[in-house]
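Residue numbers (our numbering), protein chains in the order written: chain A, 50 to 207; chain B, 50 to 217.
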């Protein structure tokens, strides 16, 4: 091999070694991953079941019949939203002179009608578990005697 | 010498997209409602009470030539609640009165009721003292007792009778 050819070969090998060296360094000790993530709106509401029957059946003479109350059921709630509320509605109105009210936890009593009403408001990024649902049945003397009946109360977290 | 040019090996760069899905997924919209079935009833309500017992009724005076003056007491009241229709209130004595002695009662009616006025009390049969009571309630309404005794009744030791009021 001539000197010139040896020199060229040497330069070629050195260049190749540099390429190999630099290429291996970029590919071997690093790797990237793109992670996409999201937290969607969570609004979950459940109840423990249906309450026992309510009956207005006594009064203090001279006064309207005495209310009956029931608070054996509870509700659970989870929301990661802001300023959420729970509304309540019944499919059809109560008989004349008869009123059904609902109270969730420490909220005020709310009269149930066939128009959704706010029963719990200002819910922001919170969980509630095992909180009391209280129903109150009232009837005036004008209601008369009302045979056993029922209403489905629909609670909505929105 | 054979020189083989080798291309540098390059590490394969894979782009991995990791999507974090919420556990609840598609059930979120369905889980924001809950329902309860509320069963209710309004039963017959019939309640009557009195404020207490009247003062003792005493026949003490007379106008000469006339029967003794009646004794009257109107110190007590009654209260009543009913969600029924066309109810009535009756009154009866627990035992009869001596001959020539009469005890009568009158109850002030509330709205929705009719009073027959002053009614003579007997132990034989309950007498209607209020009728036509429908979906009514009243409180603190007057009860007026009137005791009369003819001269033929003579002098009598103090006696007691229990008046039973019943809302039918």
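Where is the CB? At the ideal position from N, CA and C, for every residue including glycine.
Spell out the partners DSSP gives residue i in its beta bridges.
| i | result |
| --- | --- |
| residue 177 (chain B) | B:139 |
| residue 95 (chain A) | A:125 |
| residue 202 (chain A) | A:139, B:85 |
| residue 165 (chain B) | According to DSSP, residue 165 (chain B) bridges with nothing at all. |
| residue 90 (chain B) | A:104 |
| residue 98 (chain B) | B:128 |
| residue 119 (chain A) | A:184 |
| residue 182 (chain B) | B:136 |
| residue 160 (chain A) | A:150 |
Quick check: the Cα distance between residue i and residue j, rounded to an integer number of angstroms?
| i | j | result |
| --- | --- | --- |
| residue 217 (chain B) | residue 185 (chain B) | 13 Å |
| residue 105 (chain A) | residue 188 (chain A) | 7 Å |
| residue 193 (chain B) | residue 194 (chain A) | 32 Å |
| residue 161 (chain B) | residue 183 (chain B) | 6 Å |
| residue 49 (chain A) | residue 207 (chain A) | The structure shown does not extend to residue 49 (chain A), since chain A is modelled only from 50 through 207, so no value can be given for it. |
| residue 207 (chain B) | residue 146 (chain B) | 12 Å |
| residue 100 (chain B) | residue 198 (chain B) | 26 Å |
| residue 173 (chain B) | residue 140 (chain B) | 11 Å |
| residue 173 (chain A) | residue 123 (chain A) | 20 Å |
| residue 140 (chain A) | residue 93 (chain A) | 22 Å |
| residue 211 (chain B) | residue 199 (chain A) | 44 Å |
| residue 83 (chain A) | residue 99 (chain A) | 48 Å |
| residue 142 (chain B) | residue 213 (chain B) | 6 Å |
| residue 132 (chain B) | residue 113 (chain A) | 9 Å |
| residue 135 (chain B) | residue 95 (chain B) | 12 Å |
| residue 154 (chain A) | residue 81 (chain B) | 18 Å |
| residue 165 (chain B) | residue 92 (chain B) | 29 Å |
| residue 70 (chain B) | residue 81 (chain A) | Here the model assigns residue 70 (chain B) a pLDDT of 38, short of 50, so the residue's position is not dependable, and the following value carries that caveat. Near 21 Å, if we compare the C-alpha coordinates of residue 81 (chain A) and residue 70 (chain B). |
| residue 114 (chain B) | residue 202 (chain B) | 16 Å |
| residue 79 (chain A) | residue 91 (chain A) | 37 Å |
Which of the three DSSP states, helix, strand or coil, is assigned to residue i?
| i | result |
| --- | --- |
| residue 200 (chain B) | helix |
| residue 81 (chain B) | helix |
| residue 113 (chain B) | coil |
| residue 191 (chain A) | helix |
| residue 187 (chain B) | strand |
| residue 210 (chain B) | coil |
| residue 54 (chain A) | helix |
| residue 179 (chain A) | strand |
| residue 133 (chain B) | coil |
| residue 217 (chain A) | Absent from the structure is residue 217 (chain A), since the part of chain A shown begins at 50 and ends at 207. |
| residue 226 (chain B) | What the structure shows of chain B is the stretch from 50 to 217, and residue 226 (chain B) is not part of that stretch, so it cannot be assessed. |
| residue 145 (chain B) | coil |
| residue 70 (chain B) | Interpretation of residue 70 (chain B) is limited by its pLDDT of 38, a score under 50 that renders its predicted location unreliable; the figure taken from the coordinates is listed afterwards. If DSSP states are grouped into helix, strand and coil, residue 70 (chain B) belongs with coil. |
| residue 167 (chain A) | strand |
Apart from the five residues just before and just after residue i, which ones in its own chain have a Cβ nearer than 7 Å to its Cβ?
| i | result |
| --- | --- |
| residue 191 (chain B) | 123, 126, 157 |
| residue 107 (chain B) | 120 |
| residue 175 (chain A) | 128 |
| residue 196 (chain B) | 106, 108, 119, 120, 152 |
| residue 178 (chain A) | 125 |
| residue 164 (chain A) | 138 |
| residue 116 (chain B) | 199, 200 |
| residue 180 (chain A) | 123, 124, 153, 154 |
| residue 144 (chain B) | 172, 210 |
Taking Cβ-Cβ distances shorter than 8 Å, what residues in chain C pair up with residue i?
| i | result |
| --- | --- |
| residue 132 (chain A) | The question asks about chain C, but that chain is absent: this structure's protein chains are A and B. |
Does the distance between the C-beta of residue i and the nearest non-hydrogen atom of the ligand ADP fall short of 7 Å?
| i | result |
| --- | --- |
| residue 156 (chain B) | This structure lacks the ligand ADP, and indeed carries no ligand of any kind. |
Excluding five sequence neighbours on each side, which residues of the same chain lie with their C-beta closer than 8 Å to the C-beta of residue i?
| i | result |
| --- | --- |
| residue 145 (chain A) | 191, 192 |
| residue 112 (chain B) | 118 |
| residue 104 (chain B) | 122, 124 |
| residue 201 (chain A) | 139, 140 |
So, at 6 Å on beta carbons, what are the nonlocal neighbours of residue i in its own chain, with the 5 sequence-adjacent residues on each side left out?
| i | result |
| --- | --- |
| residue 95 (chain A) | 125 |
| residue 135 (chain A) | 168, 169, 204, 206 |
| residue 180 (chain B) | 137, 163 |
| residue 215 (chain B) | 139 |
| residue 188 (chain B) | 128 |
Determine contact between the region 175-191 of chain A and the region 106-118 of chain A, defined as no fewer than three beta-carbon pairs at a distance below 8 Å.
yes
Count the CB pairs spanning the region 160-174 of chain B and the region 122-133 of chain A that are closer than 8 Å, and state whether there are at least three.
no
Three or more C-beta pairs under 8 Å: does that hold for the region 149-162 of chain A against the region 80-87 of chain A?
no
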